[in-house]
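Chemist: Line order of the protein sequences matches chains A and B. Per UniProt numbering, the very first residue in the first sequence carries number 1; after that it's consecutive. Per UniProt numbering, the very first residue in the second sequence carries number 1; after that it's consecutive. Where is the CB? At the ideal position from N, CA and C, for every residue including glycine. Predicted model, so just to flag it, every value in this text is computed and none were measured. Here it is: the structure, laid out below.
There are 2 protein chains.
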Amino acid sequence: MNKESGGRRVQATMTSLEIVEMLRELDGARVTELAEALDLSPSTVHTHLSTLVDADYVVKSGDIYHLSLHFLGLANYVRNRRNAYAIADSYTDQLARETECRAVFVVEENGRGVYMYTYSGKHAVWKYSTVGKRFHLHQTAAGKAILSQLPRERVIDIVEEWGLPAGTENTTTDQSVLLEELEAVEERGVAFNDEEQLEGVKAVGVPVDGSDGRVVGAFSVASPANRMTEDRFKKEIPKTLLGVANEFELENSMS
Amino acid sequence: MNKESGGRRVQATMTSLEIVEMLRELDGARVTELAEALDLSPSTVHTHLSTLVDADYVVKSGDIYHLSLHFLGLANYVRNRRNAYAIADSYTDQLARETECRAVFVVEENGRGVYMYTYSGKHAVWKYSTVGKRFHLHQTAAGKAILSQLPRERVIDIVEEWGLPAGTENTTTDQSVLLEELEAVEERGVAFNDEEQLEGVKAVGVPVDGSDGRVVGAFSVASPANRMTEDRFKKEIPKTLLGVANEFELENSMS
DNA sequence: CCATATATTCGGTAGACCCGAACTTTATAT
DNA sequence: ATATAAAGTTCGGGTCTACCGAATATATGG
Numbered sequence: 001m002n003k004e005s006g007g008r009r010v011q012a013t014m015t016s017l018e019i020v021e022m023l024r025e026l027d028g029a030r031v032t033e034l035a036e037a038l039d040l041s042p043s044t045v046h047t048h049l050s051t052l053v054d055a056d057y058v059v060k061s062g063d064i065y066h067l068s069l070h071f072l073g074l075a076n077y078v079r080n081r082r083n084a085y086a087i088a089d090s091y092t093d094q095l096a097r098e099t100e101c102r103a104v105f106v107v108e109e110n111g112r113g114v115y116m117y118t119y120s121g122k123h124a125v126w127k128y129s130t131v132g133k134r135f136h137l138h139q140t141a142a143g144k145a146i147l148s149q150l151p152r153e154r155v156i157d158i159v160e161e162w163g164l165p166a167g168t169e170n171t172t173t174d175q176s177v178l179l180e181e182l183e184a185v186e187e188r189g190v191a192f193n194d195e196e197q198l199e200g201v202k203a204v205g206v207p208v209d210g211s212d213g214r215v216v217g218a219f220s221v222a223s224p225a226n227r228m229t230e231d232r233f234k235k236e237i238p239k240t241l242l243g244v245a246n247e248f249e250l251e252n253s254m255s
Numbered sequence: 001m002n003k004e005s006g007g008r009r010v011q012a013t014m015t016s017l018e019i020v021e022m023l024r025e026l027d028g029a030r031v032t033e034l035a036e037a038l039d040l041s042p043s044t045v046h047t048h049l050s051t052l053v054d055a056d057y058v059v060k061s062g063d064i065y066h067l068s069l070h071f072l073g074l075a076n077y078v079r080n081r082r083n084a085y086a087i088a089d090s091y092t093d094q095l096a097r098e099t100e101c102r103a104v105f106v107v108e109e110n111g112r113g114v115y116m117y118t119y120s121g122k123h124a125v126w127k128y129s130t131v132g133k134r135f136h137l138h139q140t141a142a143g144k145a146i147l148s149q150l151p152r153e154r155v156i157d158i159v160e161e162w163g164l165p166a167g168t169e170n171t172t173t174d175q176s177v178l179l180e181e182l183e184a185v186e187e188r189g190v191a192f193n194d195e196e197q198l199e200g201v202k203a204v205g206v207p208v209d210g211s212d213g214r215v216v217g218a219f220s221v222a223s224p225a226n227r228m229t230e231d232r233f234k235k236e237i238p239k240t241l242l243g244v245a246n247e248f249e250l251e252n253s254m255s
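In structure tokens form, the structure reads like this:
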């Protein structure tokens, strides 16, 4: 009874949101383009666009329509909705600086991971490019860190909903193996990703809990495998991460 | 022919978007709450919410509905849509560190300013709280910096659309005075805000132009008036800002 | 200046949105 | 435990509207 269960939907809203997504995908578009891409009449698209422009979700320059900066405000809201999310930002940055690796803070939503903050140690090239992107929890260090803190029945629900697709040949694709791994993660307090999501990328993750004991998210630090010595991977980075997680939980508990 | 001109709108989309805005305003809500707040029947609200949940714009936990992290992805897209926006981030951060003040990067959309990045020099308290917020261009240093780079007829259009409301008794509320001021700003390359938006807050702003010569946005640095000496306000901060704007334009032109 | 393509407006109808009522579930109090 | 209430959810039906297609306006290039 999970996905798209029974009830009714508002067709017009779905159309408008499809236009929004298509505007992102096409990086701005004209009426006709959208009409063709979505198999709608231009007049229909035009009416939807006018509505979205009025509501400030879309801007029109010439005949090209683009998503507006209104989404910045909405994103800012969802990011700061929980105090824990707000303070995670600077810790992620700190992690990236200390380790000189890519550091991220991720949370779980609907059984999947979402990148909330991403910082790179050195050059800020693809600094923000993955913010908001979703990923499979079982493929990453941060994801497994989060899973380790969830009730096992919830983990099983998530596996049933999203499956255990492989990212590389190292990905854990068996449920019982995953569950055993999560026990180990819970024990250690640290999760590892040994080229399980992407070839050549290793990562370490730690969960962070709220004052109610429930997991809020996870930090992780990733690096190209060839720049990551075994000692750094298994000792040094985990230690840094656990330290930051502790600081975070302390600050978070004081509010 | 500007605001809500003639044409038709999609009523259902407007309703869905009102629900989205209301979810932000109420910081999450139940069906009945929304129905009362928007004067709709609970069944109608329920159908809209189901649609939004399916589309991943809203999440449901228990009987409470919240905006989802999907907006992070959309915001990330609009932020990185223009390369200039993407690289402005680290310069804003740098400004905040160098000046130990609050530094922001803003752009213009539909005749108003939008905060795109905001950093505080010291403690990260309300670090992100204004991202995405809109403001009147004539009341701020960054806003006037942007206006100074726009064709004067465009400025007049903007004034006609949004007026010149006062934020404090120092706000420029007369169009011809504003236009004169913009000439001075263009000459100097720097704009000042002498407690014109908020009592007790001074700021300095500089515009940044794209390689096509059109303004992309503006940086500004703000500080409590009593911590800002005349020399810092009129000399030191402007110099820092102009330097950063130059670096920015250089990097931006190489892509 | 004409030809072409696209944006926008507008009439009419098929169909969907909205309400209200019935039903289900969850919470509270006796 | 049971009753009572309140909220969430489903579903039928009527009205309104979202959609299309054609006509008109606007922009582009030959």
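Cβ of Ser253(B) within 8 Å of Cβ of Val104(B)?
Modeler: In this structure, Val104(B) does not lie closer than 8 Å to Ser253(B) by Cβ.
Chemist: Whose Cβ in chain B lies nearer than 9 Å to the Cβ of Tyr77(A)?
Modeler: Neighbours of Tyr77(A) on chain B, chain order: Arg24, Asp27, Leu67, Phe71, Gly132.
Chemist: State the start and end residues of the unbroken alpha helix (DSSP H) segment that holds Val59(A).
Modeler: Val59(A) -> not in any alpha helix (DSSP H); beta strand (DSSP E) instead, spanning 58-61.
Chemist: Run down chain A in chain order and give the residues with a C-beta less than 8 Å from the C-beta of Gly7(B).
Modeler: Chain A residues near Gly7(B): His46, Thr47, Ser50.
Chemist: Using the C-alpha atoms, what's the distance from Ile158(A) back to Pro151(B)?
Modeler: So the two alpha carbons sit approximately 55 Å from each other.
Chemist: Once you ignore the five residues that flank Ala166(B) on each side, which residues in its own chain have a CB closer than 7 Å to its CB?
Modeler: If we look at Ala166(B) and ignore the five residues flanking it on each side, its Cβ neighbours are Thr173.
Chemist: Under 8 Å between C-beta atoms, does Ala166(B) make it to chain A?
Modeler: No, because no Cβ of chain A sits closer than 8 Å to the Cβ of Ala166(B).
Chemist: Report, in whole angstroms, the separation of the C-beta atoms of Gly217(A) and Val131(A), which I expect to be a contact under 8 Å.
Modeler: About 14 Å; that fails the 8 Å criterion.
Chemist: Does the beta-carbon of Ser255(A) have 16 or more other beta-carbons within 10 angstroms, so that it is buried, or is it exposed?
Modeler: Under this definition Ser255(A) is an exposed residue.
Chemist: Quick check: what's the CA-CA separation for residue 256(A) versus Leu26(A)?
Modeler: In this structure chain A extends from 1 to 255, so residue 256(A) is not present and cannot be described.
Chemist: Quick one: measure Cβ to Cβ for Lys202(B) and Ala222(B), integer angstroms, because I've assumed they're closer than 8 Å.
Modeler: Confirmed, about 7 Å.
Chemist: Using a C-beta to C-beta distance shorter than 7 Å, which residues of chain A count as neighbours of Met254(B)?
Modeler: Per Cβ cutoff of 7 Å: no residues; Met254(B) is ~14 Å from chain A at best.
Chemist: Could you list the residues in the segment 105-119 of chain A with a C-beta less than 9 Å from some C-beta on chain B, going in chain order?
Modeler: Of all residues in the segment 105-119 of chain A, Val107, Glu109, Asn110, Val114, Tyr115, Met116 have a Cβ within less than 9 Å of some Cβ in chain B.
Chemist: Only counting the same chain, and skipping five residues up and downstream in sequence, which positions put a Cβ closer than 8 Å to that of Ile64(B)?
Modeler: Excluding sequence neighbours, Ile64(B) sits near Gly28, Ala29, Arg30.
Chemist: Between Glu195(B) and Ala225(B), is the Cβ-Cβ spacing less than 8 Å?
Modeler: Closer than 8 Å, so yes.
Chemist: Check the Cβ-Cβ distances between Ala84(B) and every residue of chain A, and say whether any is below 8 Å.
Modeler: With 8 Å as the cut-off, Ala84(B) does not count as an interface residue toward chain A.
Chemist: Hey, could you find the ends of the alpha helix (DSSP H) Ala203(B) is sitting in?
Modeler: Taken as a continuous stretch (DSSP letters only), Ala203(B) belongs to no alpha helix (DSSP H), being part of the beta strand (DSSP E) at 201-209.
Chemist: Taking 6 Å as the limit between beta carbons, can you name the residues of its chain near Lys144(B), skipping five residues before and five after?
Modeler: Result list for Lys144(B): Val185, Ala191, in chain order.
Chemist: Does the beta-carbon distance from Asp66(B) to Val58(B) come in below 8 Å?
Modeler: It is worth fixing the name first, because residue 66(B) is His in this sequence and not Asp. Yes. Within cutoff.
Chemist: Pick from Ile156(B), Tyr119(B), Glu161(B): whose alpha carbon is nearest that of Leu179(B)?
Modeler: If we check each option's Cα against that of Leu179(B), Ile156(B) comes out closest.
Chemist: Using a Cβ-Cβ cut-off of 6 Å (strictly less than) and excluding sequence neighbours within five positions of Lys3(A), which residues of its own chain qualify?
Modeler: Only weak support is given to the placement of Lys3(A): the predicted model assigns it a pLDDT of 48, under 50, and the question is left unresolved by the model.
Chemist: Check Glu251(A) in the structure and name its three-state DSSP category.
Modeler: Reduced to three states, the DSSP call for Glu251(A) is helix.
Chemist: Do you know offhand how far Thr92(A)'s Cα is from Arg102(B)'s?
Modeler: Their Cα atoms are separated by approximately 21 Å.
Chemist: Would Leu242(B) and Val206(B) be called neighbours here (beta carbons separated by less than 8 Å)?
Modeler: Yes.
Chemist: When DSSP builds the beta bridges, which residues end up paired with Phe233(B)?
Modeler: BP columns for Phe233(B) are empty, so no partner.
Chemist: By alpha-carbon positions, which one of Ala12(B), Trp162(B), Lys133(B), Gln139(B) ends up nearest to Glu169(B)?
Modeler: Residue Gln139(B) is the option with its Cα nearest to Glu169(B).
Chemist: What residue range does the beta strand (DSSP E) around Arg8(A) cover?
Modeler: Taken as a continuous stretch (DSSP letters only), Arg8(A) belongs to no beta strand (DSSP E), as it is neither H nor E.
Chemist: Using the Cα positions of Glu153(A) and Ala86(B), report the straight-line distance between them to the nearest angstrom.
Modeler: Taking the straight line joining both Cα atoms gives about 41 Å.
Chemist: Name, please, each residue of chain B whose Cβ falls closer than 8 Å to the Cβ of Tyr57(A).
Modeler: Those within 8 Å of Tyr57(A) in chain B are Leu17.
Chemist: Excluding sequence positions up to five away, which residues of its chain have a Cβ less than 8 Å from the Cβ of Val125(A)?
Modeler: Confidence in Val125(A) is poor, its pLDDT being 45 and thus under 50, which makes the residue's placement too unreliable to answer from.
Chemist: Please list the terminal residues of the continuous alpha helix (DSSP H) segment that includes Ala222(B).
Modeler: No alpha helix (DSSP H) contains Ala222(B), which is instead part of the beta strand (DSSP E) from 215-224.
Chemist: Which chain A residues are close to Val10(B), counting only those with a beta carbon under 7 Å from its beta carbon?
Modeler: Here the neighbours are Ala12, Ser16, Thr47, His48, Thr51.
Chemist: Give the straight-line distance between the Cα atoms of Ser68(B) and Glu109(A), rounded to the nearest whole angstrom.
Modeler: Looking at the two C-alpha atoms, the distance is approximately 8 Å.
Chemist: Should Ser148(B) go down as buried or exposed, given a rule of 16 or more other Cβ atoms within 10 Å for buried?
Modeler: That one is buried.
Chemist: What distance in whole Å lies between the Cβ atoms of Glu18(A) and Leu38(A), which are believed to be in contact at a cut-off of 8 Å?
Modeler: That belief holds up - the Cβ atoms of Leu38(A) and Glu18(A) are roughly 6 Å apart, short of 8 Å.
Chemist: Anything in chain B within Cβ reach of Leu198(A), meaning under 9 Å, just list it in chain order.
Modeler: The premise fails here: Leu198(A) is roughly 20 Å from chain B at the closest Cβ pair, so nothing lies under 9 Å.
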